[in-house]
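Here's the structure we're looking at; comments come further down.
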Amino acid sequence: MVTRSEVRLSPSSLNYADRRCDRCFAEAMNGEAWPQGPFPGIFAKLDSQQRRYFTDRPASDVHPDLPRGILCNGGRVESSPHTIAGVDFTIRGSMDALLRFDDGSVGVVDFKSSTPSPQLGDAYRPQLAAYQWALSKPASGDPEKVSVAGLLVFAPESMVDTEQGRAYLVSTTWIPVEIEDGWFEEFLGRLVPLVEAPREAPSKTDCEWCSLRDRLSP
0 MVTRSEVRLS
10 PSSLNYADRR
20 CDRCFAEAMN
30 GEAWPQGPFP
40 GIFAKLDSQQ
50 RRYFTDRPAS
60 DVHPDLPRGI
70 LCNGGRVESS
80 PHTIAGVDFT
90 IRGSMDALLR
100 FDDGSVGVVD
110 FKSSTPSPQL
120 GDAYRPQLAA
130 YQWALSKPAS
140 GDPEKVSVAG
150 LLVFAPESMV
160 DTEQGRAYLV
170 STTWIPVEIE
180 DGWFEEFLGR
190 LVPLVEAPRE
200 APSKTDCEWC
210 SLRDRLSP
């Protein structure tokens, strides 16, 4: 049984549905840490290049149907604690980009290097909703009104020769993600049983981490 009532969540950690099981996610919220392989440096380089390229560009460069505005570097976000059934949840993380629209509202943008598909929006809805939550309920400063959330997906299409050497031509696809009122609070509510009783959370079929954990348990 978890003895603490405070849980800090990184938005990116919430995209676990197809990669991790409830038991592993619950144990991680409870403080369990397992060794991880090195994060490929190419993704960090792609991320910095994408941020540099799009910062201060008009919102229409993301998609022509978006309201007038400017794309900014996202920066760090942190929500104020929110209590559900005795558990205090705090969101803390770093956003890829933030759209600042002329009407005063903002948009959450997350960069993904992947093959665009409608399923991506569903897979990353928890992450985008967490950013939206942190912006609208910040630990400090004024709340932001989030009117748009979505993924900007980069996919390499071909390789060409340039004066600076070989380069990839990439396509960009904007995938808007709808987040209904109350959706994220309901999502957090589903995490409460995992926080309270991680060992009772169901394991994903053939989860190797769970198998190793059970073998190591006394």
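Terminal number for the sequence shown in numbering that gives the first Met the number 0: 217, no gaps in between.
C-beta atoms are modelled at their ideal positions from N, C-alpha and C, and glycine is treated no differently.
Setting aside the 5 residues that flank it on each side, SER146 is surrounded in the same chain by SER104, each with a C-beta closer than 6 angstroms to its C-beta; the list follows chain order. Burial state of ASP109 is buried, judged by a 10 Å Cβ sphere holding 16 or more other Cβ atoms.
Note on geometry: alpha-carbon atoms of ARG99 and ALA128 lie some 17 angstroms from one another. A contact is defined here as three or more CB-CB pairs under 8 angstroms, and the region 148 to 156 fails this definition with respect to the region 195 to 206.
Per the C-alpha coordinates, the member of PRO192, SER112, THR204 positioned closest to VAL169 is SER112. Three or more Cβ pairs closer than 8 angstroms define a contact, and the region 69 to 76 meets that threshold against the region 84 to 93. Only residues of its own chain outside the window of five on either side were considered, and among them PHE88 have a CB closer than 6 angstroms to the CB of HIS81, listed in chain order. Residue environment for PRO125: buried (at least 16 other C-beta atoms within 10 angstroms of its C-beta). The alpha-carbon of VAL176 is positioned some 11 angstroms away from that of GLN131. Residue burial is scored here from C-beta neighbours: MET158 has fewer than 16 other C-beta atoms within 10 angstroms and is therefore classed as exposed. For the pair ALA166 and ASP160, the Cα-to-Cα distance works out to about 6 angstroms.
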